[in-house]
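This report concerns only the one structure given below.
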Amino acid sequence: MSPKIIIPEIELPTRIIEIAFKNNSKTTVILTMDNGWSISFRIHNASSKIEPSLKFDIQLQSKPENIFYINKQW
Numbered sequence: 166m167s168p169k170i171i172i173p174e175i176e177l178p179t180r181i182i183e184i185a186f187k188n189n190s191k192t193t194v195i196l197t198m199d200n201g202w203s204i205s206f207r208i209h210n211a212s213s214k215i216e217p218s219l220k221f222d223i224q225l226q227s228k229p230e231n232i233f234y235i236n237k238q239w
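Note that this note's numbering has the sequence shown beginning at 166, numbered continuously upward.
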């Protein structure tokens with residue numbers, strides 16, 4: 166049986182180019198990698214009170230231009 170759709174492989178990052186704090190921030194770090202990938206992450210407690218628990222927030226900043234959205238009815 167052959168597949169009904171073919172999803173192309175994407176180029177994943179293979180090495181870290183830079184890791185540095187975001188401008189004017191002490192809690193957010195930008196991780197820049199090869200192949201067009203960049204991730205922002207920060208540690209915070211999501212509260213104005215002092216608490217022992219912390220949260221880790223990660224966001225995709227950039228991705229390769231050849232990644233696209235596939236909309237296929239199943």
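Every residue gets a Cβ at the ideal spot worked out from N, C-alpha and C, and that includes glycine.
Rounded to the nearest angstrom, how far is the Cβ of residue i from that of residue j, given a contact under 8 Å?
| i | j | result |
| --- | --- | --- |
| Arg207 | Thr192 | 5 Å |
| Asn231 | Leu219 | That belief does not hold up - the Cβ atoms of Asn231 and Leu219 are roughly 36 Å apart, past 8 Å. |
| Gln224 | Ser212 | Actually they do not touch by this definition, with Cβ atoms about 20 Å apart. |
Would the beta-carbon of residue i fall within 8 Å of that of residue j?
| i | j | result |
| --- | --- | --- |
| Ser203 | Ile215 | no |
| Pro173 | Gly201 | no |
Which residue from the options puts its Cα closest to that of residue i?
| i | options | result |
| --- | --- | --- |
| Ser227 | Pro178, Lys169, Ile171 and Ser218 | Pro178 |
| Ile175 | Asp199, Gln224 and Ile181 | Asp199 |
Using DSSP bridges, identify the partner residues of residue i.
| i | result |
| --- | --- |
| Ile195 | Ala185 and Ser205 |
| Ile223 | Phe206 |
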